[in-house]
Amino acid sequence: MRPGFIAYEGGSASAMTRVGGRSNHRGWHGVTRHQAILEEAVARHRAGDLARARVLYQQRLKAAPACVDARYLLAMLDCQQGRFANAAGPLRRLWREQPGRFDIGYTLGRALHELGEFPAAVEAYARVMRGDPGNREAFVEAARSLMALRDWAAAAGVCEVGLAVHPADAALHLALGVVAGAQKRDARAVGALRRAVALEPVNAEHHCALGRALRLVNRTGEAVAALAEALRLDPGLARARLLQARLLPVAYGTEAEVAAWRARVAEALDGLAAFTPTTPDAVRAAFDAVMDSTNFYLAYQGQDDRALAVLWGDLVHRVVAARFPETAPTSRPSRAGRPARGGGRLRVGFRSAFLRDHTVLHLFRRWMTDLDRERFEVFVFADGAQDDETARLAAEVEHFRVLPADPERGARDLRRESLRSLIHLDIGMEPAGQCYGSLRLAPIQAAAWGHPVTTGLRHIDWFLSSAAMEPEDGDAHYRERLLRLPGLGVGFSPSLAPPPPADRRALGVAADDALFFCAQSLFKLLPQHDHVWADIAERVPTARFLFLESSAPGVVDVVRRRLDHAFAARGLRADDHVRWAPMQDHRGYLALNAACDVFLDSVGWSGGRTTLEAVACGLVPVTTPTAFMRGRHTAGILNALGLPDLIAADKAALVELAARLAVDVGWRDGLRARMLAARAGLFQARDWLPALESWLIETANP
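Structure below.
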């Protein structure tokens, strides 16, 4: 049962009260048999005997097919039992006949939302809000449907209008907090959610939402407390339990913190190893929690994530399978997408939420555009934001589809194309990817290294990686079967010509300083490697390190404190050596590359696109590879350029190599000349393409 469908006082509850109260109404002399049937149906409905209530409603409608209350309450019962498709048509007809019954419109909006018809749901709620502004729930649900459409500005506007009428409504403050978080208006999100908690301190969902918002601003200690309170109030709250299993700081203060947080997540995942939702409400709540976020930050701890990723992947699989038991069977359709022997083309699909001006598209565009059209029919599926780069890709490929916001409908769309192979470019970057990856949508399913770590999902058969970047023991790091494509495994082409260099003086850098560009996002920098910058500065007093600020509140402060400590341990002041630049647009970012002397790769999470763009700008990279593929991107790029001289064996060697690049300008210029001579070959390489095509053919015809 879905009690939320009978909570609205103007909805079925009022219809039930109206029907149930007639026999006691002053002047009511006798009750007809048909009215008695309806009253008994309502009594059964209230008591939770839905099967008997259904029979009685149907008896009433057999005698009086036009009875509005019986029709509405039967549709409401369908909604409570998850039969939204059955309810939507009758509710539409009822509202046409009874346009002033806004309770009917509200219930129709709920049914349409559950069916994934979000624009129609918003339209229904809009009519309700205009005609019955006292219906607080209509504002909340309208915001929810707009959030499903990712129309965050409109959702925020609905919340604000609703709060002007209902300023003490906790659910509206909750919705506003969720929307503000999606807009990255973090302070507003936390404030709205704290208000929701203050208004309804015993509501576990409010504490859980506050915990999520606090996590996003790197206030993880407070987030832990909020989630603990949520689970104290409701020990079975799925959203809080699943959030605990992926609650990690954006940035760590010490190496000990990394270990402590990893242990906490491992314990939470172990506690969910047998978790499988069974009731409709539990399934829906667990799926909403899965669609809230991924275990994205786990990979940035620099450790072997396979065991934890499998625990998370199996948890997601159980939840998604319970939510969509009929959407995608788990067995592999044997002939889907396979050409008839002797003719036809293989149907190959690529799916991503980042087919826009984003690293994923820039790395993998040529996988989608360069396959031989005589042998492959390519389908590209976008389920995220779009821009001019999206439009350009759509014009370059044979079939381009935009997936609906509702993943159930999206899964149906994917299955409808009868693909032989489906390649997910970035599972782990956002929630929909882990949902689609948990379903069997094609006989062969693979993940690419848009997020370069195992998906942990049982229905992802292959992980497509780079021979130049994988270590010898790389197979052990994946649940999937590993395919090492030759070279970098991708075809990258710079999207912009290098602009003029940024003004070094404006950055606080003198002409004779050695400027190292430290371009990676701050959450990729682990505290155990902070000494590298201080060690270089100890050897090269003119060394300057340029970092980019973070959009995540509090992260810059954490990293600043760590750098202060690392430099102080060498008797130095971080402020003398460290420079900060605000977040840049793409052209501004490239101008920073052009202004620097050396690209200092981060240890543990190596530069991929960042290193390729440094090379495009003529900036010499230096790196040390680590144990996992995600720590070896730059080493692979340098080997492809014929520049193993710039690859250090360990951190101590990295410090020495970086120091020499800073002071030996002639040697650095010689390496730069070699890099520029080899650059075109790197960007034009197509050695990966025949291997990708061969793999597609071989797996299609085992």
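To convert, note that position 540 of the sequence shown is 540 in the UniProt record's numbering; the numbers rise steadily by one, no gaps. Think of the CB as a built atom: it goes at the ideal place given N, C-alpha and C, for glycine as much as any other residue.
Proximity below 9 angstroms, CB of residue i to CB of residue j
| i | j | result |
| --- | --- | --- |
| Ala411 | Cys435 | yes |
| Val663 | Leu646 | no |
| Gly437 | Phe683 | no |
| His529 | Val603 | yes |
| Ala266 | Gly428 | no |
| Thr455 | Ala442 | no |
| Asp413 | Leu403 | yes |
| Leu661 | Ala514 | yes |
| Arg262 | Gln303 | yes |
| Leu371 | Val348 | yes |
| Val559 | Leu522 | yes |
| Ala616 | Arg674 | no |
| Gln98 | Val128 | no |
| Pro499 | Arg632 | no |
| Leu496 | Ala534 | no |
| Leu676 | Gly618 | yes |
| Val178 | Ala209 | yes |
| Glu114 | Gly82 | yes |
Cβ distance (whole Å) where residue i is taken to contact residue j below 8 angstroms
| i | j | result |
| --- | --- | --- |
| Phe381 | Phe350 | 7 angstroms |
| Val319 | Val290 | 5 angstroms |
| Val665 | Ile536 | So it is not a contact: roughly 16 angstroms between Cβ atoms. |
| Tyr72 | Ile104 | 6 angstroms |
| Asp383 | Ala432 | 6 angstroms |
| Thr294 | Glu430 | 7 angstroms |
| Lys651 | Thr624 | 6 angstroms |
| Met147 | Ala124 | Wrong, their Cβ atoms sit about 16 angstroms apart, outside the cutoff. |
Candidates the options: closest to residue i by CA position
| i | options | result |
| --- | --- | --- |
| His207 | Arg239, Lys184, Ala180 | Arg239 |
| Ala156 | Gly131, Gly109, Arg185 | Arg185 |
| Val578 | Ala543, Gly554, Gln584 | Ala543 |
| Arg306 | Ala126, Asp370, Phe463 | Phe463 |
| Leu485 | Asp49, Ile37, Ala691, Leu216 | Ala691 |
| Val161 | Arg150, Asp151, Leu176 | Leu176 |
| His424 | Ile536, His451, Ala497 | His451 |
| Ala274 | Val42, Asp314, Thr32, Ala187 | Asp314 |
| Asn593 | Met583, Ala519, Thr634 | Ala519 |
| Ile697 | Val140, Gly489, Gly344, Ala282 | Gly344 |
| Gln445 | Tyr106, Thr699, Arg188 | Thr699 |
| Val316 | Thr359, Asp281, Leu269 | Leu269 |
| Arg630 | Thr369, Ser465, Val397 | Ser465 |
| Leu272 | Asp292, Arg241, Asn135 | Arg241 |
Alpha-carbon spacing of residue i relative to residue j, whole angstroms
| i | j | result |
| --- | --- | --- |
| His34 | Gly100 | 26 angstroms |
| Thr279 | Phe287 | 12 angstroms |
| His173 | Lys524 | 33 angstroms |
| Met1 | Ala196 | For Met1, the pLDDT reaches just 32, beneath the cut-off of 50, and the residue's location in the model is therefore unreliable, although a value from the coordinates is still provided. Their Cα atoms are separated by approximately 26 angstroms. |
| Trp367 | Gly608 | 17 angstroms |
| Arg22 | Glu222 | The pLDDT assigned to Arg22 is 46, lower than 50, so where the model puts this residue is not dependable; a value taken from the coordinates is nonetheless given after this. Spanning the two alpha carbons is a distance of roughly 52 angstroms. |
| Asn24 | Ala198 | Annotation note: pLDDT 42 at Asn24 (below 50); position unreliable, no value reported. |
| Phe545 | Glu408 | 47 angstroms |
| Ala213 | Pro119 | 27 angstroms |
| Ala88 | Ala121 | 11 angstroms |
| Asp512 | Ser550 | 28 angstroms |
| Leu112 | Val556 | 43 angstroms |
| Asp687 | Phe516 | 32 angstroms |
| His399 | Asp426 | 20 angstroms |
| Leu77 | Ala322 | 22 angstroms |
| Asp585 | Leu237 | 41 angstroms |
| Gly342 | Trp695 | The predicted position of Gly342 is uncertain, since its pLDDT is 43 and thus under 50; no value can be drawn from it. |
| Leu689 | Gly474 | 21 angstroms |
| Ala43 | Ala126 | 32 angstroms |
| Leu61 | Leu457 | 49 angstroms |
| Arg219 | Val360 | 29 angstroms |
| Tyr252 | Pro527 | 7 angstroms |
| Glu377 | Ile460 | 21 angstroms |
| Arg440 | Arg415 | 9 angstroms |
| Ala285 | Arg573 | 50 angstroms |
| Arg539 | Leu483 | 42 angstroms |
| Ala51 | Gln58 | 11 angstroms |
Any chain C beta carbon closer than 9 angstroms to residue i
| i | result |
| --- | --- |
| Leu355 | Of the protein chains in the structure, only one exists, and it is not chain C. |
Write down every uninterrupted run of the beta strand (DSSP E) in the UniProt domain "O-GlcNAc transferase C-terminal" (341-485) whose length is 3 residues or greater and which is fully enclosed by it, in chain order. List check, beta strand (DSSP E) in window: 346-352, 376-382, 399-402, 421-424, 444-448, 462-466, 481-485.
At 4 residues or longer, what runs of the alpha helix (DSSP H) sit wholly inside the segment 246-271? Taking only runs of at least 4 residues, the alpha helix (DSSP H) segments lying wholly in the segment 246-271 are 255-271.
What are the uninterrupted segments assigned as alpha helix (DSSP H) that are 4 or more residues long and contained completely in the segment 549-633, given in chain order? For the segment 549-633, whole alpha helix (DSSP H) runs of length 4 or above, ordered along the chain, are 555-568, 574-577, 586-595, 609-616.
Quick one: which unbroken beta strand (DSSP E) runs of 3-plus residues sit fully inside the segment 142-188? Chain order, please. Listed in chain order, nothing qualifies, since the segment 142-188 has no complete beta strand (DSSP E) run of 3 or more residues.
Restricting to runs no shorter than 4 residues, where is the alpha helix (DSSP H) found entirely within the segment 496-542? Listed in chain order, the complete alpha helix (DSSP H) runs (minimum 4 residues) inside the segment 496-542 are 531-539.
Output the residue ranges of the alpha helix (DSSP H) runs that lie fully inside the segment 51-129 and measure 4 residues or longer, sorted by chain position. If only uninterrupted alpha helix (DSSP H) runs of at least 4 residues are considered, those enclosed by the segment 51-129 are 68-80, 84-97, 102-114.
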